[in-house]
Structure formats: structure tokens, C-alpha cells
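Have a look at the structure below before the remarks.
Numbering (this note's numbering), first residue to last: 165 to 338.
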């Protein structure tokens, strides 16, 4: 399953150059800094305790003062391809984390949709992103191996909470 880029979209892959990475992760406006660091719903706050490569297979998503963090991993060293989409009503910025050749984290032309596809071999692949004060995020189309990722394999925040279903929406704590 190859992730095609929409016309004008920014892309960050393991093979990207510094110039491409800078395009995908433009600096935030100074006025958005404090808002971007503000808390979201309790269920998504904080890094999962003890999270490490080879944990239970799935998507791990959390928020802290550095923004959002999405990671994938699974037990063993076989290939598992995780993919999905995150929508924001405001522009996002991304920073790839441990991506290898063929892994993709890309933003749409308007920077409001993050699409990812990570081929994971039991290590950690991911992306950090900032929402520029979005009131909510919608997480959708999560898959592993081309099949829908069950909600019980989505781990949110420090307590590794599961959403009721996929897709799901997260809200900023106001």
C-alpha cells in the first residue's frame, strides 16, 4: 500500500533531505506556543508508563507540553505496516521519529491532515506533531497490515486508555 501525495502536500520520509523536513515542520507562530502546550482530555495526557519497543502491537498516542506524539510498535521482528489519518481544524507541524526508508509522515497542502504509513519491525516508528491551538483532533482510518486496527490496539495517554471505536475525536481541555 503506497501512500500517494496530494498535489502540493508536504512529505517527510526517512530518505528526506533537511530541506524537505523543514518544509514539513515549519515553526509555529509565537502566539500559538502557549496554547499548543496546553492540556487535552485526561485520557490522552502523558507518555504511556514504561512504553518501549516491542510493547503490545498498536498505535500509541499521547500529548504533553511538547505537543502530540504518535508511535507504533509490536512484539517480534516481523514486518507490520501501520497507517492512518489525523485531521485538525488548524494547521499542524510534524517532526518524524525513527523513520526508516519507505516510512511516510505527510501533511496535506493545507497542513490540516496528517497521513502516516510506517513499516515497523518491532522497534519504534512515529511522528511528533503540533496542532497550533486546535480545539479537537479526529483520528481515522487506522490500519495494520491493511486491515482496520481494533480500538483495543489504540493506546491513549499515560494510562493506555482505548477509544470506544475508530474513528474517534479528541478534545482540548478548556
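All C-beta atoms in this analysis are idealised placements derived from N, C-alpha and C, irrespective of residue type, glycine included.
Neighbour-count burial assignment, residue i, 16 or more Cβ in a 10 Å radius
{"i": "residue 329", "result": "exposed"}
{"i": "residue 240", "result": "exposed"}
{"i": "residue 255", "result": "buried"}
{"i": "residue 212", "result": "buried"}
{"i": "residue 290", "result": "buried"}
{"i": "residue 327", "result": "buried"}
{"i": "residue 227", "result": "buried"}
{"i": "residue 243", "result": "exposed"}
{"i": "residue 294", "result": "buried"}
{"i": "residue 251", "result": "buried"}
{"i": "residue 312", "result": "exposed"}
{"i": "residue 260", "result": "buried"}
{"i": "residue 333", "result": "exposed"}
{"i": "residue 233", "result": "buried"}
{"i": "residue 335", "result": "exposed"}
{"i": "residue 279", "result": "buried"}
{"i": "residue 230", "result": "exposed"}
{"i": "residue 248", "result": "buried"}
N- and C-terminal bounds of the beta strand (DSSP E) containing residue i
{"i": "residue 268", "result": "268-271"}
{"i": "residue 215", "result": "Unbroken run through residue 215: none, as it is neither H nor E."}
{"i": "residue 227", "result": "222-228"}
{"i": "residue 335", "result": "332-335"}
{"i": "residue 291", "result": "289-294"}
{"i": "residue 317", "result": "That residue, residue 317, is in no beta strand (DSSP E); it is neither H nor E in DSSP."}
{"i": "residue 279", "result": "277-284"}
{"i": "residue 302", "result": "300-308"}
{"i": "residue 255", "result": "No beta strand (DSSP E) contains residue 255, which DSSP labels as neither H nor E."}
{"i": "residue 157", "result": "In the structure as shown, the chain starts at 165 and stops at 338, and residue 157 therefore has no counterpart that could be examined."}
Where residue i falls: helix, strand or coil (DSSP)
{"i": "residue 249", "result": "strand"}
{"i": "residue 242", "result": "coil"}
{"i": "residue 323", "result": "coil"}
Rounded distance between the beta-carbons of residue j and residue i, thought under 8 Å
{"i": "residue 262", "j": "residue 287", "result": "7 Å"}
{"i": "residue 246", "j": "residue 282", "result": "5 Å"}
{"i": "residue 284", "j": "residue 236", "result": "5 Å"}
{"i": "residue 203", "j": "residue 253", "result": "Going by Cβ atoms, the distance from residue 203 to residue 253 rounds to 18 Å, so no, they are not a contact pair."}
{"i": "residue 296", "j": "residue 258", "result": "That pair is no contact at about 12 Å."}
Worksheet item: Taking three-plus beta-carbon pairs below 8 Å as touching, is the segment 315-322 in contact with the segment 212-223?
Response: Contact holds: three or more Cβ-Cβ distances are below 8 Å.
Worksheet item: With contact counted as at least three CB pairs below 8 Å, one residue from each stretch, are the segment 264-271 and the segment 297-316 in contact?
Response: With a cut-off of 8 Å, the segment 297-316 and the segment 264-271 do not count as touching, because too few Cβ pairs lie within range.
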